[in-house]
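For reference, the structure discussed in these notes is given below.
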């Protein structure tokens with residue numbers, strides 16, 4: 446462990462006087478799928494890497510207002526994942542972070558079924574050892590993710606301090622993530638807010654669904670262009686749940702075009718996607734705004750629609766497609 450990975454948190458319990466240490470930290474770091482898990486937190490506590498008032502305590506320790514937590518994050522475990530020389534569309538980079546315009550079809554991080562060709566494989570080659578280790582050995586640097594078939598902007602942290610700061614901004618809703626999507630259907634009203642909790646699908650654990658027992662999930666939308674059976678929209682996230690935009694739009698019977706998981710209409714199959722000329726579904730992370738954790742500068746990025754998305758819009762009669770990003 447090094448001084449550069451030492452983090453200090455001054456407690457603000459907001460009136461709650463009976464929180465366990467591990468639960469507080471789990472909630473503190475949690476955001477969507479990218480989080481410091483409770484299991485990993487407990488291991489750090491057990492090994493003395495997390496202290497309260499400079500003393501080692503148990504995971505069940507009931508923290509008190511104004512106490513101070515010190516966290517020593519260990520150096521990342523060497524990865525057993527191959528670094529691959531894969532071209533990256535780099536929008537911004539410095540010694541602390543990197544912003545990538547990810548293409549549709551690229552998996553963000555390795556899994557059992559995808560050990561190569563992922564964004565992480567490419568980052569390991571480009572950044573060498575300069576990636577944060579908080580998200581675990583399979584997801585170094587990944588602060589938030591984009592689904593395989595979603596294109597657009599993603600920020601990656603090169604060290605743990607940057608990672609935690611960015612995760613905190615997401616948690617506090619200081620990061621703006623705006624998407625452009627083509628829907629098969631029409632949304633109620635030109636503008637609106639979808640506030641429906643999202644959790645695991647009750648029958649298919651690989652899918653998400655609107656679920657009363659799920660987590661609060663809020664998506665704001667604006668219709669940019671209305672066609673006969675399609676809608677081009679701008680969607681912004683207030684929360685960052687897995688598959689949030691796709692699940693919310695499908696719940697309103699206006700699923701994302703080319704979404705083979707949640708679209709049960711005409712365009713929700715690989716064959717239909719191919720006929721439309723799409724390499725993924727028609728969902729693009731077009732805008733990303735956050736505060737640089739080290740310079741406090743407000744950074745704003747835009748990524749133009751991929752060519753296949755643009756060509757589809759032109760074929761549908763949408764004019765001036767460049768104006769939508």
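Residue numbers (this note's numbering): 446 to 770. In this text, a Cβ means the ideal position worked out from N, Cα and C, and glycines have one as well. Just so you know, these numbers come straight off a predicted model, no measurement behind them.
Listed in chain order, the non-local C-beta contacts of residue 688 below 6 angstroms within the same chain comprise 653, local neighbours out to five positions each way being set aside.
A residue is called buried once 16 or more other Cβ atoms fall within 10 Å of its Cβ, and residue 752, having fewer, is exposed.
In the three-state scheme derived from DSSP, where H, G and I count as helix and E and B as strand, residue 484 is classed as helix. DSSP, reduced to helix, strand and coil, places residue 621 within a strand of the structure shown. If the five residues before and after residue 702 are omitted, its C-beta is found closer than 6 angstroms to the C-beta atoms of 627, 629, 712 and 727, all from its own chain and listed in chain order.
If the five residues before and after residue 497 are omitted, its C-beta is found closer than 6 angstroms to the C-beta atoms of 512 and 514, all from its own chain and listed in chain order. Taking all protein chains in view, the Cβ of residue 634 is surrounded by fewer than 16 other Cβ atoms within 10 Å, so the residue is classified as exposed. Here the alpha carbons of residue 674 and residue 507 stand approximately 55 angstroms from one another. Secondary structure of residue 584 (DSSP, three-state): coil. Between residue 595 and residue 556, the gap from beta carbon to beta carbon reaches 8 angstroms or more.
Counting C-beta pairs closer than 8 angstroms gives three or more between the stretch 689-697 and the stretch 659-672, which meets the contact rule. Listed as beta-bridge partners of residue 653 by DSSP are 645. If you compare the alpha carbons of 650, 676, 642 and 649 with that of residue 656, the shortest gap goes to 642.
By the Cβ test, the stretch 604-612 is in contact with the stretch 584-591, since at least three Cβ pairs between them sit closer than 8 angstroms.
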